[in-house]
Amino acid sequence: MSNQQAALFISHGAPTLPIEDSPTRHFLTQLGQTLPRPRAIIVVSAHWESTIPMVNLAENPETMYDFGGFPSILYTLRYPARTDLKLAADVVDKLRESGLRIGTTDQRSLDHGMWTPLMLMYPEADIPLVMVSLPHGASADTFFQMGRALRALRDDNVLIIGSGSYTHNLWQLSPDGSATPPWAAAFANWMDLALQENRQQDILRWKQLAPLARENHPTDEHFNPLLVVMGAASDATAPVKLHDDWRMGSLSMACWRFD
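Sequential numbering of the sequence shown, starting at 1, is according to the numbering used here.
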């Protein structure tokens with residue numbers, strides 16, 4: 001179908017992504033130019049967690065600076081995309097119909113997990129958004145169920161983006177950019193193979209099956225967006241790795257496309 005969109009998992013890295021000269025910045029800039037243009041984007045970010053899944057109904061969400069200690073220019077950046085309120089209502093309905101308890105808010109701003117990749121992919125901020133939160137502490141099956149509930153919207157020219165990090169242990173970063181440590185490589189290699197072989201059930205049990213899962217993700221929130229986009233994928237089609245890069249030793253910037 002010509003207007004069917006993909007679901008993307010994007011490792012968003014540090015808030016400096018839009019201003020740095022890096023392979024991931026160049027990749028995301030190019031990605032926005034090569035993808036078919038969506039009519040709207042549903043975005044889930046590791047940096048918006050709530051008790052139950054929430055859908056943002058703020059018509060013109062502000063740009064949030066949910067970080068500290070970074071260059072002052074970052075605090076001047078804006079991403080003035082509007083919310084597609086009609087699609088947001090549809091998202092609420094679809095999530096509820098799947099059996100989930102859903103909330104709404106009109107107070108949420110765009111966190112850096114959302115605006116840093118979007119600023120590179122769609123710098124004009126002229127594609128409307130729907131922001132959806134991750135339920136804190138939910139099961140892997142719940143995140144998958146969220147994606148499954150939204151999957152049909154891909155057929156209506158809606159792009160689904162999960163923004164997180166393939167690996168995310170900020171306590172083990174090497175500022176000098178040393179080689180990828182074995183514990184990070186082992187996890188990424190296992191996950192690469194599981195995704196390429198479309199082993200959804202193994203990925204849903206990643207905390208039990210993936211090697212050194214807790215060393216790579218001391219907390220779950222940066223991995224959970226991948227489970228949402230996996231739920232939004234077609235069961236019969238394995239995802240494709242679009243980009244790979246390592247920052248500060250153990251921070252993977254891998255990005256995947258799910259069709």
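For each residue, glycine too, the CB sits at the ideal point set by N, CA and C.
Residue i by DSSP, collapsed to three states: which one?
i             : result
proline 53    : coil
proline 18    : helix
proline 135   : strand
histidine 112 : helix
serine 45     : strand
serine 72     : helix
histidine 26  : helix
alanine 152   : helix
arginine 257  : strand
Using the Cβ count rule (16 or more neighbours within 10 Å means buried), how would you classify residue i?
i              : result
leucine 251    : buried
arginine 214   : exposed
methionine 1   : With a pLDDT of 44 at methionine 1, under the threshold of 50, the modelled position of this residue cannot be trusted, and the question is left open.
tryptophan 171 : exposed
aspartate 106  : exposed
glycine 315    : Look at the range of the chain in this structure, 1 to 259, and you will see that residue 315 is not part of it.
serine 193     : Reading off the sequence, residue 193 comes out as leucine, not serine. The residue in question, leucine 193, is exposed, as its Cβ has fewer than 16 Cβ neighbours within 10 Å.
serine 163     : buried
Look at the Cβ atom of residue i, then the Cβ atom of residue j, and state whether they are nearer than 8 Å.
i              : j            : result
aspartate 202  : leucine 129  : no
glycine 249    : serine 178   : yes
glycine 231    : glycine 113  : no
leucine 134    : valine 44    : yes
tryptophan 183 : leucine 226  : no
leucine 110    : threonine 63 : yes
histidine 222  : alanine 46   : yes
tyrosine 79    : alanine 140  : no
How big is the Cα-Cα spacing for residue i and residue j?
i              : j              : result
leucine 118    : histidine 12   : 10 Å
alanine 58     : tryptophan 190 : 39 Å
serine 234     : arginine 108   : 30 Å
proline 36     : valine 229     : 18 Å
arginine 25    : leucine 120    : 7 Å
alanine 186    : threonine 167  : 11 Å
aspartate 21   : leucine 28     : 12 Å
asparagine 169 : aspartate 176  : 16 Å
aspartate 259  : lysine 207     : 24 Å
alanine 81     : asparagine 60  : 7 Å
proline 18     : tyrosine 122   : 12 Å
For residue i, I'd like the list of residues in its chain whose CB is within less than 7 Å of its CB, leaving aside the five on either flank, ordered along the chain.
i             : result
leucine 150   : Ile42, Val91, Lys94, Ile160 and Ala232
arginine 257  : Ala6, Leu8, Pro239, Val240 and Leu242
threonine 104 : Met54, Val55, Leu57 and Val92
proline 15    : Phe67, Phe70, Leu74, His112 and Thr116
Who are the near neighbours of residue i in its chain, counting only those whose CB is closer than 8 Å to its CB and skipping five residues on each side?
i             : result
glutamate 49  : Ser133, Leu134, Pro135, His136 and Glu221
aspartate 156 : Asn3 and Arg39
glutamine 145 : Ser98, Gly99, Leu100 and Gly231
For residue i, I'd like the list of residues in its chain whose CB is within less than 6 Å of its CB, leaving aside the five on either flank, ordered along the chain.
i             : result
tyrosine 75   : Tyr65
aspartate 260 : Within the shown structure, residues of the chain are numbered from 1 to 259, placing residue 260 beyond reach of any answer.
serine 195    : Before going on, a small fix: residue 195 reads as leucine here, not serine. Counting only Cβ-Cβ distances below 6 Å, and skipping sequence neighbours, we find Pro239.
arginine 96   : Ile102
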